[in-house]
Amino acid sequence: MRDDMDRIETLIRSRIEEDFTNVPIVRVDVKPDTDEDGEDILWVRVIFDGQPADLDRRAVLKSIGRLRDVLEDIDVYDFPVISFASLADVHAASSA
851 MRDDMDRIET LIRSRIEEDF TNVPIVRVDV KPDTDEDGED ILWVRVIFDG QPADLDRRAV
911 LKSIGRLRDV LEDIDVYDFP VISFASLADV HAASSA
């Protein structure tokens, strides 16, 4: 596990909250991993309170690049793999 995960999570959450001001961000989970080619990645799961249609599509498309910029500013070159889940979907999945 990386020693700087708290800092990375804080930066990622801040960037996500800045980019998605139209929906409340409930939680951002970040998990370091290695992909099948041996490259370092970060699984980023964004849980928001709203409907999928509420997400700004342009912000979704730009989110990987914007997160990479924030990470590279602190010399972290792990590739962010981002998923979005509504709070309702998370609750439905946990009760199934």
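With the working numbering applied, the sequence shown has no gaps in its numbers, which climb one by one up to 946 at the end. Backbone N, C-alpha and C define an ideal beta-carbon position, used for all residues, glycine too. Remember, it's a predicted structure, so these values are computed and weren't measured experimentally.
Check: Alpha carbon to alpha carbon, how far is Ser913 from Ala946?; Outcome: 30 Å
Check: With a Cβ-Cβ cutoff of 9 Å, do Glu859 and Val876 count as a contact?; Outcome: no
Check: From Gly915 to Ser944, what does the alpha carbon distance come to, in whole angstroms?; Outcome: 31 Å
Check: DSSP beta-bridge partners for Val910?; Outcome: The partner list for Val910 (beta bridge, DSSP) is empty, contrary to what the question assumes.
Check: Measure from the alpha carbon of Asp883 to the alpha carbon of each residue in Ile924, Pro930, Leu905, then state which is nearest.; Outcome: Pro930
Check: Quick test of your reading: Asp928 and Ile891, contact by CB under 8 Å. State the CB separation rounded to the nearest angstrom.; Outcome: 6 Å
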